[in-house]
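Each residue of the sequence shown is one higher than the one before, starting from 125 at the first, in my numbering. We treat Cβ as the ideally placed atom computed from N, Cα and C, and that holds for glycine. Since the model is a prediction, treat every value here as computed from it, not as a measurement.
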Amino acid sequence: MLEKDSLARIRKNVEGCIGKKVILKANKGRKKTTIREGVLEEAYPSLFVVRISNQYDSVRRVSYTYSDILTETVEVTICDEKDRQIKIS
Numbered sequence: 125m126l127e128k129d130s131l132a133r134i135r136k137n138v139e140g141c142i143g144k145k146v147i148l149k150a151n152k153g154r155k156k157t158t159i160r161e162g163v164l165e166e167a168y169p170s171l172f173v174v175r176i177s178n179q180y181d182s183v184r185r186v187s188y189t190y191s192d193i194l195t196e197t198v199e200v201t202i203c204d205e206k207d208r209q210i211k212i213s
């Protein structure tokens, strides 16, 4: 039951940050991590989508589940207007 409450809390936090700039730190396995900046585009019942722009003006979208945040496979940090950073966990 505690896990459902945690997932609901994470989902609510993510839904409240749609349209804001985020920093994603994703664990790719075997001590490989990637750090990317993007905009939180959409939130669905089981996953959320981040739009990432790169140096070549192409847009890429990546999606993660809320359980990825819970299991710390992905760290999502929200960048505020005042350059404050808020970690969602």
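(message) With distance defined between alpha-carbon atoms, name the residue in S187, R175 and E196 nearest to K145.
(response) R175
(message) Could you check whether V183 and S177 sit closer than 7 angstroms to each other, using their CB atoms as the reference points?
(response) yes
(request) Compare the Cα-Cα distances from K156 to each of A132, T197, D192 and L171 and report the closest residue. (result) T197
(message) Quick check: the Cα distance between V200 and I134, rounded to an integer number of angstroms?
(response) 11 angstroms
(message) Please list the terminal residues of the continuous beta strand (DSSP E) segment that includes I212.
(response) Q209 to I212
(message) Per the DSSP calculation, R185 is bridged to which residue(s)?
(response) R175
(request) Give me whichever residues DSSP pairs with E199 in a beta bridge. (result) K149
(message) Just to confirm my understanding: we take K152, look at its own chain, exclude 5 residues before and 5 after, and list those with CB closer than 8 angstroms. What are they?
(response) T158
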